[in-house]
Amino acid sequence: MSVQKEFAHGEATLRVTIDDKGGERFVVRVGDEVVDVRARRTGDGRIAFRIGDVHHVATVAPSGTAGATHVRLDGTTFLLRPHEARRRSGATGDGSVVEAPMTGTLLAIHVVSGDAVERGQVVAVLTAMKMEHKLLAHAPGVVTEIAVAVGATVEQGTLVVRIAPSKDGA
Amino acid sequence: MSDAPPFRRVLVANRGEIAVRVCRGLRELGVGSVAIYSEPDRDAVHRFAADTACAIGGTTAAESYLRIEAVLDAARASGAEAIHPGYGFLSENPRFARAVEEAGLVFIGPSAASMCKLGSKAGARELAVACGVPVVPGFDGELPDDAAWLVKAREVGFPLLIKSSAGGGGKGMRLVERESEFLDALAAGRREAKAAFGDDRMLIERRVFPARHVEIQLFGDRHGDVVSLHERECSVQRRHQKVLEEAPSPAVDAKLRAKMGEAAVRLAKAAGYRGAGTAEFLLDERGGFYFLEVNTRLQVEHPVTECVIGLDLVHLQLHVAAGRRLEDLLAGRDLTPRGWAIEARIYAEAPEQGFLPAAGRLTRVIEAEGPGIRVDSGVREGSEVSVHYDPLLAKLVVHAPDRATACKRLAHALRESVYLGIPTNVDFLRRVVEDPRFARGELRTDFLDRAPELVTPTGDATPSAVFVAAALAAVLGDGHVAADGSNGGEARGAASMFATLGGFRVFGGES
Chain W
1 MSVQKEFAHG EATLRVTIDD KGGERFVVRV GDEVVDVRAR RTGDGRIAFR IGDVHHVATV
61 APSGTAGATH VRLDGTTFLL RPHEARRRSG ATGDGSVVEA PMTGTLLAIH VVSGDAVERG
121 QVVAVLTAMK MEHKLLAHAP GVVTEIAVAV GATVEQGTLV VRIAPSKDGA
Chain G
1001 MSDAPPFRRV LVANRGEIAV RVCRGLRELG VGSVAIYSEP DRDAVHRFAA DTACAIGGTT
1061 AAESYLRIEA VLDAARASGA EAIHPGYGFL SENPRFARAV EEAGLVFIGP SAASMCKLGS
1121 KAGARELAVA CGVPVVPGFD GELPDDAAWL VKAREVGFPL LIKSSAGGGG KGMRLVERES
1181 EFLDALAAGR REAKAAFGDD RMLIERRVFP ARHVEIQLFG DRHGDVVSLH ERECSVQRRH
1241 QKVLEEAPSP AVDAKLRAKM GEAAVRLAKA AGYRGAGTAE FLLDERGGFY FLEVNTRLQV
1301 EHPVTECVIG LDLVHLQLHV AAGRRLEDLL AGRDLTPRGW AIEARIYAEA PEQGFLPAAG
1361 RLTRVIEAEG PGIRVDSGVR EGSEVSVHYD PLLAKLVVHA PDRATACKRL AHALRESVYL
1421 GIPTNVDFLR RVVEDPRFAR GELRTDFLDR APELVTPTGD ATPSAVFVAA ALAAVLGDGH
1481 VAADGSNGGE ARGAASMFAT LGGFRVFGGE S
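If you read the sequences in order, they're chains W and G. In case it helps, the numbering used here puts the first sequence at residues 1 to 170. In case it helps, the numbering used here puts the second sequence at residues 1001 to 1511.
1. Is L1163 (chain G) buried or exposed, if buried means 16 or more other CB atoms sit within 10 Å of its CB?
2. Go through its chain and collect everything with a Cβ distance to E1092 (chain G)'s Cβ below 6 Å, but skip five positions before and after it.
3. Hey, does T1462 (chain G) have any beta-carbon neighbour from chain W nearer than 8 Å?
4. Cutting at 8 Å between CB atoms, please list the residues of its own chain near L1420 (chain G), excluding the five before and the five after it.
5. Between the C-alpha atoms of L1330 (chain G) and I1108 (chain G), what's the straight-line distance to the nearest angstrom?
6. Write down the C-beta distance between Q1217 (chain G) and H1230 (chain G) rounded to the nearest angstrom, noting that I regard them as a contact closer than 8 Å.
7. Mind checking R1440 (chain G): buried by the 16 CB within 10 Å criterion, or exposed?
8. Between G:V1214, G:P1357, G:V1106, G:V1265, which has its C-alpha nearest E1301 (chain G)'s C-alpha?
9. Rounded to a whole number of angstroms, what is the C-alpha to C-alpha distance between R1206 (chain G) and R1174 (chain G)?
10. Go to M102 (chain W), then tell me how far its alpha helix (DSSP H) extends in each direction, as first and last residue.
11. Look at Y1273 (chain G) and S1114 (chain G) and say whether their C-beta atoms are less than 8 Å apart.
12. Give the residues of chain W in contact with G1360 (chain G), contact being defined as C-beta atoms less than 7 Å apart.
13. Determine the chain C residues that contact V1418 (chain G) at a beta-carbon separation under 7 Å, and present them in chain order.
14. Please classify E1343 (chain G): is it buried, with 16 or more other beta-carbons within 10 angstroms of its beta-carbon, or exposed?
15. Are the C-beta atoms of F1107 (chain G) and some chain W residue less than 8 Å apart?
16. Which residues in the same chain have their Cβ closer than 6 Å to the Cβ of A1061 (chain G), if we skip the five residues on either side of it in sequence?
17. Which ranges would you report for the alpha helix (DSSP H) in the segment 1138-1219 of chain G if only whole runs of at least 4 residues count?
18. Which ranges does the beta strand (DSSP E) cover as unbroken runs of at least 3 residues, wholly within the segment 1383-1441 of chain G, from first to last along the chain?
19. Give a yes or no on whether the minimum CB-CB distance between V97 (chain W) and chain G is below 8 Å.
20. At a threshold of 7 Å, does L1448 (chain G) count as lining the ligand GDP (C-beta to nearest heavy atom)?
21. Would you mind reading off the limits of the beta strand (DSSP E) that contains M1 (chain W)?
22. Is the segment 1440-1453 of chain G touching the segment 65-74 of chain W, taking contact as three or more C-beta pairs under 8 Å?
23. Using a Cβ cut-off of 8 Å (strictly closer), state whether T13 (chain W) contacts chain G.
24. Reducing DSSP to helix, strand and coil, say where A1054 (chain G) ends up.
25. Since H1319 (chain G) is in the beta strand (DSSP E), which residue starts that stretch and which ends it?
26. Using only the alpha-carbon positions, how far apart do Q1353 (chain G) and D1435 (chain G) sit?
27. Pull up the distance between the alpha-carbon of S1383 (chain G) and that of I1346 (chain G), whole angstroms please.
28. In chain order, what residues of the same chain lie with their CB nearer than 6 Å to the CB of S96 (chain W), ignoring the 5 residues before and after it?
29. Any chance you could list the beta strand (DSSP E) runs of at least 3 consecutive residues sitting entirely within the segment 1251-1333 of chain G, in chain order?
30. Give me the Cβ distance between A1268 (chain G) and G1220 (chain G), rounded to the nearest whole Å; I'm assuming they're in contact under 8 Å.
31. Considering only residues of the same chain and omitting the five flanking positions on each side of R1294 (chain G), which have a CB-CB separation below 6 Å?
32. Under a CB-based cut-off of 8 Å, is L1244 (chain G) close to chain W?
33. Buried or exposed for L1127 (chain G), going by 16 or more other Cβ atoms inside 10 Å?
34. With a cut-off of 8 Å, does the C-beta of E118 (chain W) fall near any C-beta of chain G?
35. Could you list the residues in the segment 1417-1437 of chain G with a C-beta less than 9 Å from some C-beta on chain W, going in chain order?
36. What residues of chain W sit near Q1353 (chain G), judged by a beta carbon separation below 8 Å?
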């Protein structure tokens, strides 16, 4: 049996393929790298495996709703995102949107459409778990849209404020 | 201690790990337990930790665990004789303590009167001054307007701290470096305090710096006796919220321990205090200590005291509430701290994103175990962590013969701890505990400000073994053993792994 998956890896896509050779032996291709692995479930929800002489213990579980995977390897947790999720992500990278970093209630909006904002300026305040979180403009520009009203409950990733980045701003 | 149960049935007016922990204590003493739960907590662990449970409705804290009438109704309906408030929520609310007593029930904690004296930071401060306990310069009281607050702030001096008069846990607290930031910070603090405690009275005090946060565990009975169960150090904090706590403190010797203990006992006796309480102090580099406040309840970090003193503080709370004398309860006990205990608070939060709280489902949980390891947990695999409550998942506590061994034990236990599905601070805690500065006991309240690399480590590339592990999980199944001994892997597991590990494409047969 062979299983394949593509992960977002920095800006690139990483293709991972695994072949079950039987007898607790597997061949895994990670990008261009091919590794022989001996592996088994430990019975308490972990996977014990060996690559060459190096022994690892891992736990793997789904994370969030976007198809991401948590891998806890030797006491450190990594988040793997499926390749398609990275492309889907609303962040355009030019600082033109301010999104809710977590689910919460919008407490205040400090700007109106047409306002000029500076990088790092507080444009809105979100409250969740009794703590306040300031939402900052990622780049200088002019506010073009307020997408959410004060008092509304927003999901993580919801667009709150849209900003048209200024061309000469830095 | 006595064999007779102190009460027949007790309602636990809380949720999460502390409700579970209190229910355990009740069971051990042969006392019936009653849990309460809100709408989002229908499937919460604490609901099932008690003998019986009452739905109190509501979603937010204000609609559920903070509703005094709903809690009292549940107590009456379930036939509880007493109410244990845990920490947070109604635990430090004198109106609640009074309402419980007026309903003919026992409040497991101090009287409303001594809570009023100590619970407000202003009252506690005045009492401390009267008892000759040193305090930090500051102001706590009523002022007509913001202009008057600004005048007071100038008198106290910058940098200063704005805090909620009513509550703890850093909620509403602001550090103000400059006068120009003061009024904005005051307004924001008030909003946060109002949301958390329903009370927006604030106080200001000068920042004692650098300092350690050292607190004294107090216990009083109904007969006027108060004892010190010694110190805990809680200097490693983020946003004024404790992260790691230990007992004893690396900075406190027997002489200082006795001095701080005496000061705290003097204060508690003056307030007619009974039950568990904690006097918090700042300890400066010359061994000078300044009283901050009294928390009139069991603390989150009480397990480290239990480890080194060898007492169960929930049992002690119940016995004292039932009228037993400390003199009898502690007769023949050596209360000298033994060994070293450290607690790590496991939160659903993302340290590298400014400790942003996280919510969602815990898809895989394996809690640490082994000699000298205690986990007070409020979650299990499949638990849904709600945005509506404090994101504390569990407390990992280790006890060892000495501090160096305790640090190693905790680091290892954190490595073995698995809480997946949502961001947690587990790796961050491990980085702190493995840091040489922590190992040397160089603790200050600004420990994390001075060690930003522990909060946001420089991004190492993801090792290829991580991708290997993800691939193996897809082939080996989800790890849960079925009745026939299989683990759901191989071809049979293909459908379920497709669902749980989203997006893996399966090519049938041998390749």
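We put the beta carbon where it would ideally sit given N, CA and C, even for glycine. Keep in mind it's a predicted model, so treat the numbers as computed, not measured.
From the atom records:
1. Sequence check: residue 1163 (chain G) is Lys here, not Leu. Result: buried.
2. Within the same chain, E1092 (chain G) has close Cβ partners G1119, T1296, R1297.
3. yes
4. L1362, T1363, R1364, V1365
5. Roughly 19 Å between the two C-alpha positions.
6. Indeed they touch by this definition, with Cβ atoms about 6 Å apart.
7. Label assigned to R1440 (chain G): exposed.
8. That would be G:V1214, whose Cα lies nearest to the Cα of E1301 (chain G).
9. 12 Å
10. Segment: none, M102 (chain W) is in no alpha helix (DSSP H) and carries neither H nor E.
11. yes
12. Chain W residues near G1360 (chain G): G64.
13. In the structure shown, chain C cannot be found, because the protein chains are W and G.
14. buried
15. no
16. Close CB contacts of A1061 (chain G) within its chain, under the 6 Å cut and outside five residues either way in sequence, are absent.
17. 1146-1156, 1182-1197
18. 1392-1400, 1418-1420
19. no
20. Inclusion of the ligand GDP in the displayed structure is not the case, the ligand content being empty and no account of it being possible.
21. That residue, M1 (chain W), is in no beta strand (DSSP E); it is neither H nor E in DSSP.
22. no
23. no
24. A quick correction: the sequence has Cys, not Ala, at residue 1054 (chain G). In the displayed model, C1054 (chain G) falls within a strand according to three-state DSSP.
25. Run containing H1319 (chain G): none in the beta strand (DSSP E); it sits in the alpha helix (DSSP H), 1313-1321.
26. 21 Å
27. Their backbone Cα atoms lie some 15 Å apart in a straight line.
28. I163, P165
29. 1275-1283, 1289-1295
30. 6 Å
31. It should be pointed out that residue 1294 (chain G) corresponds to Val in this sequence rather than to Arg. Around V1294 (chain G): L1118, A1124, G1277, A1279.
32. no
33. buried
34. no
35. S1417, V1418, Y1419, L1420, G1421, I1422, P1423, T1424, V1426, D1427, R1430
36. Those within 8 Å of Q1353 (chain G) in chain W are P101.
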